[in-house]
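So the structure is just underneath, and the comments pick up after that.
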Amino acid sequence: MKKTTKFMLSMVATAIALSSSAAYATEQTEDGIKLGGAVRVNYAYRDYDEVNKDKGGDFYFDMAAIKFDGKHGDWGLSAEYRFTSGTDYIKYGFAYYDVNPDWQLQLGINKVPFGNRDFISNSYWFGIPYYLGFEDDHDTGIKAVYEKNGWHTDLAFYKSAEYGPSENKRYSTDLYSGTIAASGIEYFNEETNQFNLRQTYTAEHEGGQTTLGGSVQYGQIYNSDTGNNGDRYAVALHLDSSYKGWNLQLQAMQYEYDAADAVDANKIAVSVVSWQYEIASKGQSYSANIAKTFATDWGSVKCYNDFGLMTPDVDDDSYDNSMQNVTGCAISAGPTYTMVDFVMGKNMTFSTANNDHVGLPEMGDSWDKRVNINFGYYF
């Protein structure tokens, strides 16, 4: 099966958290656990895939999800598990304790606090940071969350990713241990001992609010073949501002994966949603997204344009920039949420025909295009 098809079969519904109007409907049970879920189908048309074009695109099952939330006193539980046609995996699952009205502790597979507090994207397709391992990532560890008077602080330690390094069936992008077919290189890298700090401040103003923040991440890279440790880091500045239905997201980040005993220090392997690929081991990523939400008698419509640029910063001058632009609308009506996206990619994994990587030397010199429509029913 082609990797683009695998991706679409496994790609999860980002709409669940992108809009409060698309949140799971829940049912309170006697034991205090709230149960919710979703079922989604997907249509994809790729202008660079002749088979797909000849058929007028593909329409198929995307995923089903089940979500649990519950609280007894100061203790709580939050978990979500997802099923696709080819596999199933956990998105997150953690216990939490409200120390006081300002502090909460979370233990388990929880969301890594890095970058914009929600997403650095509006579309079903995510932004470039997702494909580098820095958007909507969930790892295994402990996190402390503080919030008061507009200030929000996240402190976290993660011992490992949510699955082992040789597993590619996962929701979010992590380092991969195994062979990449495109290069023939076998990698032995594993994420471990990661620290995160994120600080934001939200200011209320007429017509909306603005959140400014910064994030720092540092961790080790264990080489299971040699037993040596490398390291990795990332830093980011981010802004999320809303005004009378308009929303602006900006983010600039720099990252570096410095793996021990690397065969090629300019790149490293990652995996996500049943696939694995290579990215430049060091670079910058810039995101600029704008959106406008329109209220209707039957729900709402949010239209947006998400643009991302990744610039490699390695010793090999042949490495090229990666770009992705997504123009689309999200339509919320009752229990349904539909995302219609026009995706353009250049030297970008999953959105181009011949460049299954991020920031490596480009094959060709053109933008590839695709249309994606994702329909979800929430219960």
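Residues -25 to -1, 1 to 354 (mature numbering (1 follows the signal peptide of the UniProt record, and there is no 0)) make up the sequence shown, in order. Here a beta-carbon is modelled for each residue, glycine too, at the ideal position from N, C-alpha and C.
Helix, strand or coil at residue i [DSSP, three-state]
{"i": "Leu214", "result": "strand"}
{"i": "Asn322", "result": "coil"}
{"i": "Asp291", "result": "coil"}
{"i": "Arg145", "result": "coil"}
{"i": "Ser199", "result": "coil"}
{"i": "Phe354", "result": "coil"}
{"i": "Ile84", "result": "strand"}
{"i": "Asn347", "result": "strand"}
{"i": "Asn296", "result": "coil"}
{"i": "residue 355", "result": "The first residue shown for the chain is -25 and the last is 354, placing residue 355 beyond what the model contains."}
{"i": "Glu122", "result": "strand"}
{"i": "Val238", "result": "coil"}
{"i": "Val248", "result": "coil"}
{"i": "Met338", "result": "coil"}
{"i": "Tyr312", "result": "strand"}
Within 9 Å, strictly: CB atoms of residue i and residue j
{"i": "Glu137", "j": "His113", "result": "yes"}
{"i": "Tyr232", "j": "Leu150", "result": "yes"}
{"i": "Ser297", "j": "Asp239", "result": "no"}
{"i": "Trp273", "j": "Gly309", "result": "yes"}
{"i": "Gly12", "j": "Ala39", "result": "yes"}
{"i": "Phe317", "j": "Val276", "result": "no"}
{"i": "Arg173", "j": "Pro88", "result": "yes"}
{"i": "Val245", "j": "Gly108", "result": "yes"}
{"i": "Asn349", "j": "Val14", "result": "no"}
{"i": "Gly153", "j": "Lys134", "result": "no"}
{"i": "Ser96", "j": "Asp292", "result": "no"}
{"i": "Phe163", "j": "Asn204", "result": "no"}
Cβ neighbours of residue i in the same chain (closer than 7 Å, five flanking residues each side left out)
{"i": "Thr175", "result": "Arg92, His127, Thr186, Leu187, Gly188"}
{"i": "Phe69", "result": "Ser53, Gln81, Leu82, Gly83, Ile84, Asn85"}
{"i": "residue 355", "result": "Here the chain has residues from -25 to 354 only, and residue 355 is not among them."}
{"i": "Asp49", "result": "Tyr72, Asp73"}
Residue span of the beta strand (DSSP E) that contains residue i, given as start and end
{"i": "Tyr261", "result": "257 to 270"}
{"i": "Tyr99", "result": "Where Tyr99 is concerned, there is no enclosing beta strand (DSSP E), given that its DSSP letter is neither H nor E."}
{"i": "Ile41", "result": "33 to 47"}
{"i": "Asp281", "result": "274 to 287"}
{"i": "Ile103", "result": "Unbroken run through Ile103 is the alpha helix (DSSP H), 103 to 107; no beta strand (DSSP E)."}
{"i": "Glu179", "result": "161 to 180"}
{"i": "Glu231", "result": "221 to 233"}
{"i": "Phe69", "result": "63 to 73"}
{"i": "Ile8", "result": "8 to 21"}
Sequence-distant residues of its chain with Cβ nearer than 6 Å to residue i (five each side left out)
{"i": "Phe229", "result": "It should be pointed out that residue 229 corresponds to Gln in this sequence rather than to Phe. Here the set comprises Val210, Gln259."}
{"i": "Ala119", "result": "Leu80, Leu130"}
{"i": "Trp342", "result": "Met319, Lys321"}
{"i": "Trp221", "result": "Lys267"}
{"i": "Cys278", "result": "Lys267, Cys304"}
{"i": "Met338", "result": "Asn329, Asn330"}
{"i": "Asp37", "result": "Arg15, Val16, Asn17"}
{"i": "Thr313", "result": "Ile306, Phe350"}
Contact set for residue i: own chain, Cβ-Cβ below 8 Å, skip 5 residues either direction
{"i": "Asn27", "result": "Ala19, Tyr20, Arg21, Asp33"}
{"i": "His47", "result": "Gly7"}
{"i": "Asp295", "result": "Pro287, Asn322, Gly334, Leu335, Pro336, Glu337"}
Residue i, enclosing alpha helix (DSSP H) - first and last residue
{"i": "Asp29", "result": "25 to 29"}
Near the ligand HEM: residue i beta-carbon under 8 Å from a heavy atom
{"i": "Ala131", "result": "For the structure depicted, the ligand HEM is absent and the ligand set is empty, with no information on it obtainable."}
is_contact[residue i, chain C] using C-beta, thresh 9 Å
{"i": "Gln224", "result": "Within the model displayed, chain C is absent; a lone protein chain is all it includes."}
Next item on the list: Determine contact between the region 189 to 196 and the region 205 to 214, defined as no fewer than three beta-carbon pairs at a distance below 8 Å.
Entry: Yes, the region 189 to 196 is in contact with the region 205 to 214.
Next item on the list: Could you say if the region 261 to 271 and the region 335 to 352 meet the contact criterion of at least three C-beta pairs nearer than 8 Å?
Entry: With a cut-off of 8 Å, the region 335 to 352 and the region 261 to 271 do not count as touching, because too few Cβ pairs lie within range.
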